[in-house]
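Residues 1 to 337 (full-length UniProt numbering) make up the sequence shown, in order. Working notes, beginning with the structure itself.
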Amino acid sequence: MAQEHNRMALRIIRKLSESCDKLPSSLFIAGVNGRDEHPSFGGGFGDIYRASCGDRRVALKRMRYFIRGSDLRRIRLKFCREALVWKDLHHPNILPFLGIDRDSFPSSLCMVSPWMEHGTVTNYLKTHGYEHVDKLVTPRNWQTAQGLEYLHFRNIVHGDLRGANILITQDWSACLTDFGLSKFSDATSTMSTNRGGSLYWMAPELLDPDSFGLKFVRTPATDVYAFGCVCFELYTDRPPFSSLPEPAALMRVLKGERPERPFDPRTMSDALWQHVSKFWTHHPTARPSTQSVVQTMANLGSLSSQPLHIDAPVSIAHPEPTTPVASPEWTPIRVSE
1 MAQEHNRMAL
11 RIIRKLSESC
21 DKLPSSLFIA
31 GVNGRDEHPS
41 FGGGFGDIYR
51 ASCGDRRVAL
61 KRMRYFIRGS
71 DLRRIRLKFC
81 REALVWKDLH
91 HPNILPFLGI
101 DRDSFPSSLC
111 MVSPWMEHGT
121 VTNYLKTHGY
131 EHVDKLVTPR
141 NWQTAQGLEY
151 LHFRNIVHGD
161 LRGANILITQ
171 DWSACLTDFG
181 LSKFSDATST
191 MSTNRGGSLY
201 WMAPELLDPD
211 SFGLKFVRTP
221 ATDVYAFGCV
231 CFELYTDRPP
241 FSSLPEPAAL
251 MRVLKGERPE
261 RPFDPRTMSD
271 ALWQHVSKFW
281 THHPTARPST
291 QSVVQTMANL
301 GSLSSQPLHI
311 DAPVSIAHPE
321 PTTPVASPEW
331 TPIRVSE
């Protein structure tokens, strides 16, 4: 009950933020310094800079704005709405949100999160080589599925699930980042045909919605499809059909074709391949739920003799905080145009 009250309060805060063009002061974080001159990483939605805040290293995600003028206020509010959603998420397989930094770049707001020294799951696997691959990949697949299940439980679609958006924490667990930001990319794009997200991980109903009688809408089913692509990626170091130009890859997927089972550089087990084939089934209604995916990954973990320490679903074993939401102070949104 307390969690539901918190979520209702946060929904009200989001509405107030949009209507008065202000943000709760509690969202902002002070004391960010020591920012690197150049970004450590760049992606479709923004650039990542390494910085410090107190005695910890943090990551600053500086979003890219592709439009100016009257629409910029709407985009800023969308950015802030994503931050409010992220702030309300608490799960061991979701990258924590620390706040918004408005001082490092005079013209931009930055989302602040802990710096993950081990990098992405793909870099992690390259560092540890191909030996004992199942014992490396299976737990990270399970943890990724746990994070995805939690997002879907909170009615949030990731929208851009891929290896580059799965980070490795200090205790070597997988955690998801950049969820929901594909919508932000949609809103800031200057081209109507350029939708946020990465094509090689996209479900067929996103590539050609009309052929399915659908609109372009990301759903839990499109995330499950992308999860299947991630499983393939972790065994091959590349997404499905990435050797082809995007238009050719798109046509292969729309024809119902899928890559062959990976054998090089890593061999995917019979059991995992059987389930991956279900994850990227052509029609979205035939794909399993994330709850089913989590159980599948747990079962595969036991088959590979990898101790996953599964006693209860993470959402039960790690409940969300139930501290009541206090009345916020408000800070105007000021981002230069």
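Just so you know, even glycine gets a beta-carbon here, dropped at the ideal spot from N, CA and C. Remember, predicted model here, so these are calculated numbers, not experimental data.
Going by DSSP in three states, residue i sits in which element: helix, strand or coil?
i           : result
Asp134      : helix
Thr120      : strand
Gly256      : coil
Asn155      : coil
Gly31       : coil
Arg76       : helix
Arg102      : coil
Leu148      : helix
Arg140      : helix
Leu95       : coil
Val335      : Residue placement at Val335 is flagged as unreliable, the pLDDT there being 42, under the threshold of 50; the coordinate-derived value follows with that caveat. DSSP places Val335 in coil when its eight states are reduced to three.
residue 365 : The structure shown does not extend to residue 365, since the chain spans only 1 to 337, so no value can be given for it.
Trp115      : coil
Where does the unbroken beta strand (DSSP E) through residue i begin, and where does it stop?
i     : result
Gly46 : 46–53
Considering only DSSP beta bridges, list what residue i is partnered with.
i      : result
Ile166 : Leu176
Arg62  : Asp47, Cys110
Phe41  : Ile48
Arg56  : Cys53
Return the first residue and the last residue of the alpha helix (DSSP H) that residue i is part of.
i      : result
Lys215 : Note, Lys215: premise wrong, no alpha helix (DSSP H); not H, not E.
Asp270 : 270–279
Pro204 : 204–207
Just how far apart, CA to CA, sit residue i and residue j?
i      : j      : result
Phe227 : Ser243 : 19 angstroms
Val217 : Met202 : 11 angstroms
Arg154 : Pro284 : 20 angstroms
Arg261 : Asn93  : 28 angstroms
Ala145 : Met63  : 27 angstroms
Ser108 : Tyr200 : 30 angstroms
Pro245 : Pro239 : 12 angstroms
Thr120 : Ser211 : 35 angstroms
Please tell me whether residue i has its Cβ less than 9 angstroms away from any Cβ of chain D.
i     : result
Gly46 : Reference to chain D is not applicable here, since this structure consists of a single protein chain.
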